[in-house]
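The sequence shown begins at 1160 in this note's numbering and counts up one residue at a time.
Note that beta-carbon positions come from the ideal geometry of N, C-alpha and C, so glycine has one too.
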Amino acid sequence: MDHIRNLSIVAHVDHGKSTLSDRILELTGAVDARDMREQYLDSMDIERERGITIKAQNVRVTWKGHTIHLIDTPGHVDFGYEVSRSLAACEGVVLLIDAAQGIEAQTLANAYQAIENDLEIVCALNKIDLPAADPDRYAAEIESVLGIPGDQIIRMSAKTGIGVTDLLDAICEKIPAPAGDPTSALQALIFDSYYDQYRGVVSAVRVMEGVLRPEVKLRFMQTGRTHVAEEIGVRTPLNSPASALGPGEVGYLIAGIKDVGEARSGETVTEAARPAPRPLAGYRDPKPMVFCGLFPVDGDDFADLREALEKLRLNDASVTYEPETSGALGFGFRCGFLGLLHMEIVRERLEREFDLVLIATAPSVEYRAHLTDGATVEVHNPSEMPPPQKLDSIDEPFLQATILSPTEYTGTLMDLCQTRRGEMIRMEYLSPERLELVYRIPLAEVVMDFFDALKSRTKGYASLDYEEAGWEPADLVKIDVMLNAVPVDAFSAVVHRSQAQEYGRRMTEKLRTLIPRQMFDVPIQAAVGGRVIARETVKAKRKDVLSKCYGGDITRKRKLLEKQKEGKKRMKNIGRVEVPQEAFIKALRLEE
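So this is what it looks like as structure tokens:
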């Protein structure tokens, strides 16, 4: 056990975590040079295409007589939950910082998470081979902000391999060996799982106490179910079976589990014959921040969507879902996500991995409505909002957003936060060129395109991290969009009263271009309560009923036109507006 080291690599987006994992795999000989490829541990197509890590991946390598269990984690704020789960299986972290950019918001968030978990931090400045790199300046910044002595920070380049051997030596030297007693009752923590259609659930486990052996009857302490361990082993990076996993070791477990609900992340595994007295502290469930409806384009795919969500939830425990119905879109699920990127990735994974075609409604956040009779209702969907006459007040969730940016963008960032109803908490200079802004902002303002606006205003240099900051009453209204005086629930939204007019106007203009012309005029109205705030009209198609009149008396023509007018009027009374599927998809598009 003295020669085992368990660590996670944590950093801001694009600071080189996956590249460092590649170099370590190469240097330790875990992967042949001919099998090597970039982002070796990122197994999903989406990860390769976007160049980001979405799932934490673990691998076991050996270096100078030490066994190193390495977990490569995502850097994006939406996947911070993956990082917190990985840290529970480690004794230390490698904190990677870009030598050309310095400390970013996620760097701080991950460093504080590691400190809270009492983990040893090995700090490294990456990308020193870049022309813009300034390691000395950023080493001084790290020392002043995080208190890590500048002379202990390793200078390296994961791309060229400079300094990676020094980092491996520092890992073996500084990160403590795991503690645990091989003779006590088995306690193993499941920190990730995925579903293999041939072998059932494959779980990543970290053994805390005792020894995990194959062919032993295991008990899953949260669900109370028992299963026999069919195979245990380690990832090097391919799965290779092992005869036992002792305390401090990380590996995988296959127990022939077919029901995905039985091997959730945070589950404690113990032996059925000699159970542990109590389960390990699992993970607290992440709170979804953004909600949207997912509906299959073909109503027959509803059961497939439910099965797909179950399997995906095993691999990504931060997705929540519950069934909902919509008059316009049929049966589907109301899903909760940690952020917009998370929502986009989950939708893309469902479409790719399970061959589904889905419509996602506009993202919304959770509100609390206080009614006049004293009751409080949680509202996840604009269509659930009680009518205005029953409402006393509405509370909305707030975030504390931390923005790190070069000082020249201070003005434009303050302007952005203020237009999004934010209020400043503090402003602090980390160094003469870098500044930290902390704002309190409503979650609904951040959900849509705050991150994109932040990046475009600062030429991509600013970084954002956020955490929940309670609830506050706000002046919110529900906007209903009506086609031919019939409300369409899929298009309704909850917005701040000051923005209602603009939202209504934008939505009606957009729908006017998307809804095909009918045989009668179709009014498109946006209304708050009973008051219409915006209107557009899709003009009727007009059949030429005069084509067979050659000259003659005007009264003949008028008679035919009056007859046509009567018919259209009657049609309008009974006519339902046909809204094609593409109109829903385009109207609910986020990008625009």
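- The shortest C-alpha to C-alpha distance from D1161 to any of E1525, S1245, P1406 is the one to P1406.
- Excluding its 5 nearest sequence neighbours in each direction, F1450 has C-beta neighbours in its own chain below 8 Å: R1493, C1494, G1495, F1496, P1522, S1523, V1524, E1525, H1539, N1540, listed in chain order.
- Minimum Cα-Cα distance from E1668 among the listed residues A1440, Q1660, E1695, T1427 corresponds to E1695.
- It is roughly 17 Å from the alpha-carbon of Q1548 to the alpha-carbon of V1691.
- L1345 and I1391 have their C-alpha atoms roughly 14 Å apart.
- Sequence-distant Cβ neighbours of D1574 in its own chain, meaning closer than 6 Å and more than five residues away, do not exist here.
- Taking C-beta atoms as the reference points, L1254 and D1624 fail to come closer than 8 Å.
- Judged by DSSP in its simplified three-state form, L1720 adopts helix.
- Following the DSSP letters along the chain, one finds R1690 inside the beta strand (DSSP E) bounded by residues 1690-1697.
- Under the criterion of beta carbons closer than 8 Å, G1452 and G1415 do not qualify as touching, at roughly 35 Å.
- The beta carbon of I1334 is closer than 7 Å to those of R1164, L1166, E1250, G1251, E1279, V1281 in its chain, skipping five residues each way along the sequence.
- If only uninterrupted beta strand (DSSP E) runs of at least 3 residues are considered, those enclosed by the stretch 1301-1360 are 1346-1355.
- For M1678, the closest C-alpha among the options T1672, A1329, K1698 is that of K1698.
- In the three-state scheme derived from DSSP, where H, G and I count as helix and E and B as strand, I1416 is classed as coil.
- When the beta-carbon positions are compared, T1566 and E1592 come within less than 8 Å of each other.
- The straight-line gap separating the alpha-carbon atoms of A1693 and V1681 is approximately 14 Å.
- In this structure S1424 is buried. Its beta-carbon is surrounded by 16 or more other beta-carbon atoms within 10 angstroms.
- Less than 8 Å separates the beta-carbon of G1322 from that of M1315.
- In the DSSP assignment, S1590 falls within the unbroken beta strand (DSSP E) covering 1582-1590.
- By the neighbour-count criterion, in which 16 or more other beta carbons inside 10 Å mark a residue as buried, A1462 falls on the exposed side.
- E1430 has L1377 as its beta-bridge partners, per DSSP.
- Between the stretch 1551-1558 and the stretch 1630-1644, the count of Cβ pairs shorter than 8 Å is three or higher; the stretches touch.
- The DSSP-derived three-state label of K1618 is coil.
- For G1663, the uninterrupted alpha helix (DSSP H) run begins and ends at 1656-1673, by DSSP.
- Of the candidates K1176, V1393, E1604, the residue whose Cα lies closest to the Cα of G1581 is E1604.
- C1576 counts as buried, since no fewer than 16 other beta carbons sit within 10 angstroms of its beta carbon.
- Sequence-distant partners of Y1297 (beyond 5 residues in either direction) whose C-beta falls short of 7 Å from its own C-beta, in its chain, are I1256, A1258, G1261, L1284.
- Here DSSP, grouped into helix, strand and coil, assigns M1367 to strand.
- Annotated three-state conformation of S1180 is helix, per DSSP.
- Around the Cβ of R1472, a 10 Å sphere holds 16 or more other Cβ atoms; the residue is buried.
- Secondary-structure assignment with DSSP links T1385 through a beta bridge to R1378.
- Per DSSP, reduced to three states, the secondary structure at A1612 is helical.
- Going by DSSP, Q1577 is part of the alpha helix (DSSP H) stretching over 1569-1578.
- Spatial neighbours of A1403 in its own chain (CB-CB distance under 6 Å, excluding positions within 5 residues in sequence) are listed in chain order as V1370, R1372.
- Closest option to H1174, judged by alpha-carbon separation, among E1469, D1703, L1289: L1289.
- Ranked by Cα distance from E1332, the options D1648, T1535, W1222, L1509 are led by W1222.
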